[in-house]
Amino acid sequence: MTHRKVGIIGAGAVGATAAYSLSMMGTCKEIILFDIADGVAEGKAIDIAQSTQYAPQPTIITAAKTPADVKDCDIIVITAGVPRKGDMTREDLLLINAKIIKSVIDDIKVHSPNAIIICVSNPLDVMTYVIHKLTGWDRKRIMGLSGALDGSRMAYQIYQKLGFGAGQTGKLVIGDHGQNMIPLPQKVKVGLVPTTDLLTDEEFAEIIERTKNGGAEIVKHLGTSGYYGPGRAIAFMVESILDDTRSVVSSSVLLEGEYSHSDVTVGVPVVLGRNGIEEIIEMTLNTKTREKFKVSVESIREGIDILEKNGFFDA
Amino acid sequence: MAKGKKVTVIGTGNFGSTVAFILAMNGTCHNVVLRGRNYDVTKGKALDMSQAANAARQHTIVKAAKGPEDMAGSDVVVITAGAPRTPGMSRDDLLLMNADIVKMYAKEIKEHAPDAVVVVVSNPLDVMTYVALKYTGFPRERVLGMAGILDAARMAHFIYEKLEYGAGQIRATVMGGHGDTMVPLPKFTTVAGVPIEDLLDSEEIGEIVKKTRNGGAQIVNLLGDGSAYYAPAKSTTVMVDAILKDTNQIHSCAIMLKDDYGYSDIVSGVPVMIGAGGAEQVIEMTLKNLQVRKFKNSIESVKEMVDKLYELKFFDDL
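Chains as they are written, first to last, in this note's numbering: chain B, 37 to 351; chain G, 3 to 320.
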């Protein structure tokens, strides 16, 4: 890891905000944006590069003309994919995005063969699995953005209840990055105080519900998905890897026996450092949470099965 | 728009100087006033720091105080003055010596910076906070002692040494007095929400608690001629930041208890919510039997020292 170079595939709102966050933090030496839509990556790269004139550290921001320009990256963030629209079935969405990921991965394997990949494309856990299958890389090098974002949404909901403690609340959400995610607000602390001394069971239930609907709530207001939260959460993961911080953050990773599951990608707390996933942390889960985790894993596996049934992995 | 913030730091030893330096490097406030016993030395340090602020492209100006009137208009006054703890010296040895010093400065603050929030770091911490409260006559929310943040930082570091990950994310909880009877609460400690009990065994946790309790003394012994100041200074600026930026975040601070955790008229470390007005709320955590006993122990050791000062007629001029 010598270049501190980050490639971002998909310069939509999420990808661009990740690049902007990283430049304001001065985390990387170089960021390269790629987008299939003409001019988008170029325009945003120039805008961000100009904003860095007020940043604490210099960052070089460029746009790739072709996927081949995204080369020798230490980290590649994949935000490419389409959102689910009106009459699209889950199956349709899965197949469309899996195909997009496939073409992205074909390029990465050639041009940035040593990169660590952060998957942001949805459905998140299944797309992370797809990347594992298509690269065949060490599982340490592939992770999906889930808990870092969902955890910040949970911390926000806790703040909404308390009216204090912003920015000092633990972030712990495991499971899939979808309707069966498992926010664990009872486990975290606000500063030095356990949330169990600050919130009632009823409030915890509301926090869990609102965290699960965190993404949908923004869509309701905005008409499109949120991108500040995701962008900053991506930047946090990138920083953890580039700076080898060995920070604990829940991410979607391939399990090989951890939490009694295998051959599935799902969100659990991991240690992020220069090799990617340095360690998978096995928490003690109570029976109820283990049940929920199983449901979550099954929902991800259903998505994987759809792809298998359609022969996606056959080639 | 409010005027730029001003912080006075009393005491220009390693501790006070490092506090002022961190404030200048972070641009936390527009003015820092250093109040030391030797004006030339103080002015030298102030100039050095102001120049460093320019190198760091920060707007903070550090000035040396000629007299107590220069602390006028301070939003926060940090009292670091006091004799340092030397090897073999217990916190109690410092008691009277430092109580006199804190009394003097508290009276100055009352006269010249009557609206400030006072952060006390002189040792023995809880007793000095008590003294500062009595002699400023300020409401309790504006006189706070720095202890729990430092003790928790030390505990977090010792946890990191075992885990080798999670640095900066470990939320340790330490309550009670800043002394041999401090109350580290490993059961309340998490790494990004993961309880440390899932990561370390009880023997390792016991070792961490012991090391935390001994954290200050370990550094005193290693340095040979003084005590720690980097972590103490950073912990102090965490409190200053929280006050100046009105963050409404929770930190463990020493404060006069008023029917909190079952005690009154004694200073001890408890979680408080800090804002522009100081400690805007004391937060009560649910303690288990053993923790309740340890907290009581801690309170009693502070009370003993306060009682000693009353015995010595220290408070007779109130």
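Just so you know, even glycine gets a beta-carbon here, dropped at the ideal spot from N, CA and C.
Short CB-CB distance (under 8 Å) between residue i and chain G
i: Q93(B); result: no
i: E314(B); result: yes
i: K176(B); result: no
i: P149(B); result: no
i: M217(B); result: no
i: M319(B); result: yes
i: D233(B); result: yes
i: V307(B); result: yes
Neighbouring residues, chain B, relative to residue i (Cβ below 7 Å)
i: T239(G); result: Ordered by position in chain B, no residue passes the 7 Å Cβ test against T239(G), which lies about 16 Å from the chain.
i: V242(G); result: Neighbours of V242(G) on chain B: none; closest Cβ ~16 Å, over 7 Å.
i: M157(G); result: Going along chain B, no residue has its Cβ under 7 Å from M157(G), so there is no contact; the nearest lies around 10 Å.
i: G195(G); result: G206, K207, L208, L220, K223, V224
i: T175(G); result: L228
Partner residues on chain B for residue i, Cβ-Cβ distance less than 8 Å
i: H253(G); result: G227, L228
i: E166(G); result: R282
i: D200(G); result: I317, E318, M319, T320
Residue-chain proximity (residue i, chain B), Cβ-Cβ < 8 Å
i: F190(G); result: yes
i: M287(G); result: yes
i: D153(G); result: no
i: N28(G); result: no
i: N250(G); result: yes
i: P273(G); result: yes
i: E143(G); result: no
i: D128(G); result: no
i: D261(G); result: no
Start and end residues, alpha helix (DSSP H) containing residue i
i: Q220(G); result: 217–225
i: D105(B); result: Neither: D105(B) is in no alpha helix (DSSP H) and is coded neither H nor E.
i: K248(B); result: 237–248
i: Q193(B); result: 183–198
i: M106(G); result: 97–114
i: Y41(G); result: 41–57
i: R126(B); result: 126–147
i: G339(B); result: 323–345
i: K236(G); result: 232–246
i: A134(G); result: 127–138
Proximal residues of chain G, C-beta to C-beta of residue i below 7 Å
i: K107(B); result: Residues of chain G passing the Cβ test: none, with the nearest at roughly 31 Å.
Cross-chain neighbours of residue i in chain B, by beta carbon under 9 Å
i: A169(G); result: T281, R282, S283
i: M91(G); result: Result: empty, since nearest Cβ-Cβ is about 29 Å, beyond 9 Å.
Element boundaries [beta strand (DSSP E), containing residue i]
i: G1(G); result: Given that chain G is displayed from residue 3 to residue 320, the structure contains no residue 1(G) and the question cannot be resolved.
i: G43(B); result: 41–45
i: G265(B); result: Element bounds for G265(B): not the beta strand (DSSP E) but the alpha helix (DSSP H), 264–278.
i: F70(B); result: 66–70
i: P305(B); result: 298–309
i: M148(G); result: 145–148
i: T10(G); result: 8–12
i: R295(G); result: Where R295(G) is concerned, there is no enclosing beta strand (DSSP E), although the alpha helix (DSSP H) it sits in stretches over 291–313.
i: L36(G); result: 33–37
i: T98(B); result: 96–99
Any non-hydrogen atom of the ligand SAM within 7 Å of residue i CB
i: I45(B); result: The ligand SAM is not among the ligands present in this structure, which contains no ligands whatsoever.
Note to self: When you compare the region 55–68 of chain B with the region 120–136 of chain B, are there three or more beta-carbon pairs, one atom per stretch, that lie closer than 8 Å?
What the structure shows: no
Next item on the list: Check distances from the C-beta atoms of the region 251–282 of chain B to those of chain G and list, in chain order, the residues that come in under 8 Å.
Entry: T281, R282
Margin query: Beta carbons nearer than 8 Å to chain G: which residues of the region 187–205 of chain B have them?
Written below: G187, G199, F200, G201, A202, G203, Q204
Next item on the list: Check whether the region 156–169 of chain G touches the region 278–289 of chain G, taking contact to mean three or more Cβ pairs, one atom from each stretch, closer than 8 Å.
Entry: Touching, no, given that fewer than three Cβ pairs across the two stretches are closer than 8 Å.
Note to self: Under 8 Å: do the region 141–153 of chain G and the region 121–132 of chain G share three or more Cβ pairs, one atom per stretch?
What the structure shows: yes
Notebook entry, point to check: Can at least three beta-carbon pairs, one atom from the region 250–259 of chain B and one from the region 219–236 of chain G, be found at a separation below 8 Å?
Noted result: Touching, no.
Check: Can you find at least 3 beta carbon pairs, one from the region 267–279 of chain G and one from the region 297–306 of chain G, that sit closer than 8 Å?
Finding: yes
Note to self: Taking 8 Å as the cut-off, does the region 276–290 of chain B touch the region 171–182 of chain B (at least 3 CB pairs, one atom from each stretch)?
What the structure shows: The region 171–182 of chain B is in contact with the region 276–290 of chain B.
Next item on the list: Would you list, in chain order, the members of the region 95–125 of chain G that have their beta-carbon closer than 7 Å to a beta-carbon of chain B?
Entry: none
Next item on the list: Could you say if the region 297–304 of chain B and the region 191–208 of chain B meet the contact criterion of at least three C-beta pairs nearer than 8 Å?
Entry: Because the criterion of three Cβ pairs below 8 Å is not met, the region 297–304 of chain B and the region 191–208 of chain B do not touch.
Note to self: Any contact between the region 22–32 of chain G and the region 60–70 of chain G? By contact I mean 3 or more CB pairs, one from each, below 8 Å.
What the structure shows: yes
Check: How do the region 39–50 of chain B and the region 96–112 of chain B stand: do at least 3 beta-carbon pairs fall below 8 Å, yes or no?
Finding: Under the three-pair Cβ rule at 8 Å, the region 39–50 of chain B counts as touching the region 96–112 of chain B.
Check: Is it true that the region 222–235 of chain B meets the region 245–253 of chain G, where meeting means three or more beta-carbon pairs spaced less than 8 Å apart?
Finding: yes
Next item on the list: Take every Cβ of the region 267–283 of chain B, pair it with every Cβ of the region 152–167 of chain B, and state whether three or more of those distances are shorter than 8 Å.
Entry: yes
Item checked: the region 158–175 of chain B touching the region 136–143 of chain G, judged by at least three CB pairs closer than 8 Å -> Contact fails between the region 158–175 of chain B and the region 136–143 of chain G, because fewer than three Cβ pairs, one in each stretch, are under 8 Å apart.
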